[in-house]
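Notes to accompany the following structure.
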Ligand SMILES: *[C@@H]1O[C@H](CO)[C@@H](O)[C@H](O)[C@H]1NC(C)=O
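In mature numbering (1 follows the signal peptide of the UniProt record, and there is no 0), the protein residues as written are -22 to -1, 1 to 342.
Right, here's the structure in full:
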């Protein structure tokens, strides 16, 4: 019996690994996945309609036509199965229904992510100096030290890069002046068209994506960013630039790229404030809480977020207890994830989280 179970378990695990590595395909592998998940979660698939009704109520979803409703229900069902696959691949986090459960993976990428390029480090970017790492604290959280503004919401606009940029500068400005000021993403969305010197055609483009390093470069050249309330977020990129230079409140003095080394990342975080990081967000569409530590996750970067801290033991299950994690501020509102935050395990460059890390200093 026990042997049987082990064989079944390893076969189904292998299966899940294969189906996920086949590229987040929600089409042809359904039947096979259904066999796997049916064994584990017989009750879930039988109540898809209940889940969908609950989802529509909870997130206030209204669809314009019968066809649209029908289509969204089919996408929702595919996402339920995807969440179950994610749960198997990522047992230390909870995966399930989120506000994005009626979006296909490509709609999700287009509307709620938005890092363009940045797949290799810019060769001419300043490299952050190597910092000592012997006396790093075991746990650290900039939220406890007043350097992090409340979670914001990018809406249906691929402007994550602007939130990652403002978050890092808000922290740096706090360290330089002692004052926490919420800064304008809309200024970046409307006014910043800076291009990545390393990749032709990769320019900051409002709701169509951008790069944090290019946004720091823009901010440095322009003189700084206005306050959130003086240049509020609209979630669209159809307006013209309304920068009023007399209202700039925070400026960049310099920024640099941190090497792919978790101790250096932690040391830069502790010394310079929250860091702008890029990540692969595939698991974030279904994330509910816990520490995300998937067995397999692409390192193709497609989302910009803010690294605000780290911890040493965040897992519920006893056998994962000592696993360290990063604390990440996202820009999908505070009803997503853990009050708007995400935990991802530290130690293996999971989902590329260590690959493109930038640190910024504010001028006083
Ligand atoms: C800014 O420049 C100073 C002086 O060169 C350097 O020590 C510091 O690490 C830089 N800070 C960042 C965030 O790049």
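Each residue gets a CB set at the ideal place from its N, CA and C atoms; glycine is no exception. These numbers were taken from a predicted model, which means no experiment stands behind them.
Cβ shell of residue 219 (< 8 Å), same chain only, five flanking positions each side left out: 165, 168 and 169
7 Å Cβ shell around residue 337 - same chain, five flanking residues per side excluded: 106, 233, 234, 236, 246, 250 and 253
Measuring alpha carbon to alpha carbon, tell me which residue in 111, 33 and 222 is nearest residue 202. 222
Can you tell me where the alpha helix (DSSP H) with residue 322 in it begins and where it stops? Not the alpha helix (DSSP H): residue 322 falls in the beta strand (DSSP E), residues 319 to 323.
Hey, residue 328 and residue 270: beta-carbon distance below 9 Å or not? yes
Can you tell me whether DSSP reads residue 12 as helix, strand or coil? The predicted model places residue 12 with a pLDDT of 35, which falls under 50 and marks its position as unreliable; any figure quoted below should be read in that light. It is helical.
Can you tell me whether residue 210 is buried or exposed, with buried defined as 16 or more other CB within 10 angstroms of its CB? exposed
What residues in its chain sit with their C-beta under 6 Å from that of residue 162, if we drop five residues either side in the sequence? 203, 204, 206 and 209
In whole angstroms, give me the CA-to-CA distance for residue 66 and residue 326. 19 Å
Quick one: measure Cβ to Cβ for residue 88 and residue 133, integer angstroms, because I've assumed they're closer than 8 Å. Wrong, their Cβ atoms sit about 13 Å apart, outside the cutoff.
Under the assumption that residue 50 contacts residue 80 (Cβ atoms under 8 Å), give the Cβ distance between them as a whole number of angstroms. 4 Å
What is the residue span of the alpha helix (DSSP H) that residue 166 lies within? 163 to 169
Residues of its chain near residue 121, where Cβ-Cβ distance is below 7 Å and the 5 sequence neighbours each way are ignored: 286 and 287
Would the beta-carbon of residue 321 fall within 9 Å of that of residue 71? yes
Coil, strand or helix - residue 173 by DSSP: strand
Kindly examine ligand 1 and report whether one of its heavy atoms sits closer than 8 Å to the Cβ of residue 252. no
Would you list the residues whose beta-carbon is nearer than 7 Å to any heavy atom of ligand 1, in the order they occur in the chain? 104, 106, 107, 231, 232, 233, 234, 250, 337, 338 and 339
Three-state class that DSSP yields for residue 211 in the structure shown: coil
Taking buried to mean at least 16 other C-beta atoms within 10 Å of its own C-beta, is residue 128 buried or exposed? exposed
Which ranges would you report for the beta strand (DSSP E) in the segment 50 to 107 if only whole runs of at least 3 residues count? 71 to 73
Give me, in chain order, the residues of the same chain whose beta-carbon lies closer than 8 Å to that of residue 110; leave out the 5 immediate sequence neighbours on both sides. 245
Residue 319 vs residue 307 beta-carbon contact at 9 Å: yes
Nearest residue (CA-CA) to residue 108, options 126, 240 and 196: 240
Cβ-Cβ distance between residue 46 and residue 289 below 9 Å: no
Sequence-distant residues of the same chain with beta carbon closer than 7 Å to residue 257, five excluded per side: 279, 281, 283, 329, 330 and 331
Secondary structure at residue 28, three-state DSSP: helix, strand or coil? helix
I'd like to check one pair, residue 82 with residue 53: are the Cβ atoms closer than 9 Å? yes
Identify, in the order they occur along the chain, each residue of the same chain with its Cβ nearer than 7 Å to the Cβ of residue 93, setting aside the five sequence neighbours on each side. 138, 139, 187, 189, 256, 279, 280, 281 and 282
As assigned by DSSP and simplified to three states, the class of residue 243: helix
Range of the contiguous beta strand (DSSP E) that encloses residue 336: 335 to 341
For residue 154 versus residue 335, is the C-beta distance shorter than 9 Å? no
For residue 5, does the count of other Cβ atoms within 10 angstroms reach 16, so buried, or fall short, so exposed? Any answer about residue 5 is weak, because its pLDDT of 34 lies below 50 and its placement is not dependable; what the coordinates show is given next. Residue 5 should be labelled exposed.
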